[in-house]
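Novice: The listed protein sequences correspond, in order, to chains A and B.
The working numbering puts the first residue of the first sequence at 1, with every later residue one more than the last.
The working numbering puts the first residue of the second sequence at 1, with every later residue one more than the last.
Quick reminder that beta carbons are idealized off the backbone N, C-alpha and C, glycines included.
Just passing along the structure, written as structure tokens.
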Amino acid sequence: GAGVSQSPSNKVTEKGKDVELRCDPISGHTALYWYRQSLGQGLEFLIYFQGNSAPDKSGLPSDRFSAERTGGSVSTLTIQRTQQEDSAVYLCASSPGQGSEQYFGPGTRLTVT
Amino acid sequence: GDSVTQMEGPVTLSEEAFLTINCTYTATGYPSLFWYVQYPGEGLQLLLKATKADDKGSNKGFEATYRKETTSFHLEKGSVQVSDSAVYFCALTPRSNDYKLSFGAGTTVTVRA
């Protein structure tokens, strides 16, 4: 079946602009995760959604970052007023439930110029 | 906080050589341990895992044993192939938040024919 998909695959934006990154999880997966992969920080957890529970936002690096998950399926990660240090690959993953294997999407490469 | 330290790369080997990538962890309690692999141009995928002390995870000829005494989870393969060229990440999830993956920095492995 279809895996986790993310769009766009690449995004170049100017410093100060807002961007939205999209994640379509595997159908039926109740848990969804966002991670960031950057040269300086490696792979970092950003946010976790599980069903209708309040998300764990503890990994979001600043209040410029936010994410939502509509209808328990698609998720959007929004970065406001982008900075150069936001340049990274943003990875989305989903899993059938909490604690189960996470399946990763191909990522969105964000470049802030 | 919980963290993972893995062997710095890059590692370059000849086909049929023995591969070891060292990984140690720091965590409160007993985390679950994972090895993820990222092949060129592909997304992260789970290679193997172990959820309790002395468990051995294995897949595709790779093995890793959860060693509580040495807080280690070293990855080994007895005879590598060119197709094993990839970036390998050691990771953990803590018992308390068993969804929050913490990754090591990644080790790039190149296997030459």
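Under 9 Å Cβ-Cβ, which residues of chain A neighbour alanine 86 (chain B)?
Specialist: For the purposes of this step, residue 86 (chain B) is taken as the residue at position 86 of the second sequence. Within 9 Å Cβ-Cβ: nothing; alanine 86 (chain B) doesn't reach chain A, min ~14 Å.
Novice: Short of 8 Å Cβ to Cβ, which residues in the region 12-34 of chain A face chain B?
Specialist: Answer in chain order: Ala31 and Tyr33.
Novice: How would you call threonine 82 (chain A), buried or exposed, if buried means at least 16 neighbouring beta carbons within 10 angstroms?
Specialist: Taking the first residue of the first sequence as 1, we reach residue 82 (chain A) at position 82. With 16 or more other Cβ atoms within 10 Å, it is buried.
Novice: With burial defined as no fewer than 16 other Cβ atoms inside 10 Å of the residue's Cβ, what is the status of glutamine 84 (chain A): buried or exposed?
Specialist: Residue numbering aside, residue 84 (chain A) sits at position 84 when the first sequence is read from its first letter. Classification of glutamine 84 (chain A): exposed, given that the 10 Å Cβ count is below 16.
Novice: State yes or no: is the C-beta of alanine 31 (chain A) within less than 8 Å of the C-beta of tyrosine 66 (chain B)?
Specialist: Residue mapping note: residue 31 (chain A) aligns to position 31 of the first sequence, counting from 1. Residue mapping note: residue 66 (chain B) aligns to position 66 of the second sequence, counting from 1. Not closer than 8 Å, so no.
Novice: Are the beta-carbon atoms of threonine 110 (chain B) and serine 79 (chain B) separated by less than 8 Å?
Specialist: For the purposes of this step, residue 110 (chain B) is identified with residue 110 of the second sequence, where counting begins at 1. For the purposes of this step, residue 79 (chain B) is identified with residue 79 of the second sequence, where counting begins at 1. No.
Novice: On the criterion of 16 or more Cβ atoms from any shown chain inside 10 Å, does glutamine 81 (chain B) qualify as buried, or is it exposed?
Specialist: Looking up residue 81 (chain B) in the second sequence gives position 81. Looking at its Cβ environment, which holds fewer than 16 other Cβ atoms inside 10 Å, glutamine 81 (chain B) is exposed.
Novice: Does the separation of the CB atoms of aspartate 54 (chain B) and threonine 26 (chain B) fall below 8 Å?
Specialist: Looking up residue 54 (chain B) in the second sequence gives position 54. Looking up residue 26 (chain B) in the second sequence gives position 26. No, they are not a contact pair.
Novice: From A:Val112, A:Gln98 and A:Pro106, pick the residue whose C-alpha is nearest to that of glycine 28 (chain A); which is it?
Specialist: Numbered from its first residue, the first sequence carries residue 28 (chain A) at position 28. Closest option to glycine 28 (chain A), Cα to Cα, is A:Gln98.
Novice: Looking at the secondary structure, which residues open and close the beta strand (DSSP E) in which lysine 17 (chain A) lies?
Specialist: Sequence index remark: in the first sequence, residue 17 (chain A) carries index 17 (1-based). Careful: lysine 17 (chain A) lies outside any beta strand (DSSP E) and carries neither H nor E.
Novice: Closer than 7 Å by beta-carbon distance: list the chain B residues that pair up with leucine 43 (chain A), in chain order.
Specialist: Numbered from 1 along the first sequence, position 43 holds the residue referred to as residue 43 (chain A). Simply Phe89 and Phe103.
Novice: Looking only at C-alpha atoms, which of B:Ile21, B:Ser14 and B:Glu16 sits nearest to glutamine 6 (chain B)?
Specialist: In the second sequence, residue 6 (chain B) corresponds to position 6, counting from 1. The residue with the shortest Cα to Cα distance from glutamine 6 (chain B) is B:Ile21.
Novice: List the DSSP bridge partners of alanine 91 (chain B).
Specialist: Here residue 91 (chain B) refers to the residue found at position 91 of the second sequence. In DSSP, alanine 91 (chain B) forms a bridge with B:Phe34 and B:Phe103.
Novice: Mapping the DSSP letters down to three states, classify glutamine 81 (chain B) as helix, strand or coil.
Specialist: Numbered from its first residue, the second sequence carries residue 81 (chain B) at position 81. Glutamine 81 (chain B) falls in the coil class under three-state DSSP.
Novice: Measuring only the C-alpha atoms, how far is glycine 57 (chain B) from cysteine 90 (chain B)?
Specialist: Position 57 of the second sequence, counting from 1, holds the residue named residue 57 (chain B). Position 90 of the second sequence, counting from 1, holds the residue named residue 90 (chain B). Distance between the alpha carbons of glycine 57 (chain B) and cysteine 90 (chain B) is about 13 Å.
Novice: Assuming lysine 57 (chain A) is part of the beta strand (DSSP E), what are its boundary residues?
Specialist: If you number the first sequence from 1, residue 57 (chain A) lands on position 57. Segment: none, lysine 57 (chain A) is in no beta strand (DSSP E) and carries neither H nor E.
Novice: Tell me which residues share the same chain as alanine 113 (chain B) and place their Cβ nearer than 6 Å to its Cβ, disregarding the 5 neighbours each side in the sequence.
Specialist: Position 113 of the second sequence, counting from 1, holds the residue named residue 113 (chain B). Closer than 6 Å at the Cβ level, and outside the excluded window around alanine 113 (chain B), lie Glu15 and Val82.
Novice: Which one or two residues does DSSP pair with asparagine 59 (chain B) in a beta bridge?
Specialist: Within the second sequence, residue 59 (chain B) is the residue found at index 59, counting from 1. B:Phe62, per the DSSP bridge assignment.
Novice: 8 Å is my cut-off, CB to CB: does tyrosine 48 (chain A) come that close to chain B?
Specialist: As a first step, residue 48 (chain A) must be located in the first sequence, where it is residue number 48. It does: the Cβ of tyrosine 48 (chain A) has a partner Cβ on chain B nearer than 8 Å.
Novice: Using C-beta distances below 6 Å, list every residue in its chain close to valine 36 (chain A), excluding the 5 sequence neighbours before and after it, in chain order.
Specialist: Here residue 36 (chain A) is taken as the residue at index 36 of the first sequence, counted from 1. For clarity, residue 36 (chain A) is arginine in the given sequence; the question names valine instead. Hits under 6 Å: Glu44, Leu46, Ala88 and Tyr90.
Novice: Less than 8 Å separating the beta-carbons of leucine 77 (chain A) and leucine 39 (chain A)?
Specialist: Translated into the one-based positions of the first sequence, residue 77 (chain A) becomes position 77. Translated into the one-based positions of the first sequence, residue 39 (chain A) becomes position 39. Contact: no.
Novice: Less than 8 Å between the CB atoms is what I'm expecting for phenylalanine 49 (chain A) and serine 75 (chain A), so what's the real figure, rounded?
Specialist: Position 49 of the first sequence, counted from the first residue, corresponds to residue 49 (chain A). Position 75 of the first sequence, counted from the first residue, corresponds to residue 75 (chain A). The Cβ separation is near 7 Å, so the contact holds.
Novice: Quick one: does lysine 100 (chain B) have its CB under 8 Å from some CB of chain A?
Specialist: Counted from its first residue, the second sequence places residue 100 (chain B) at position 100. Yes, because at least one Cβ of chain A sits closer than 8 Å to the Cβ of lysine 100 (chain B).
Novice: Give a yes or no on whether 8 Å exceeds the smallest Cβ distance from leucine 77 (chain A) to chain B.
Specialist: Indexing the first sequence from 1 puts residue 77 (chain A) at position 77. It does not; no Cβ of chain B falls within 8 Å.
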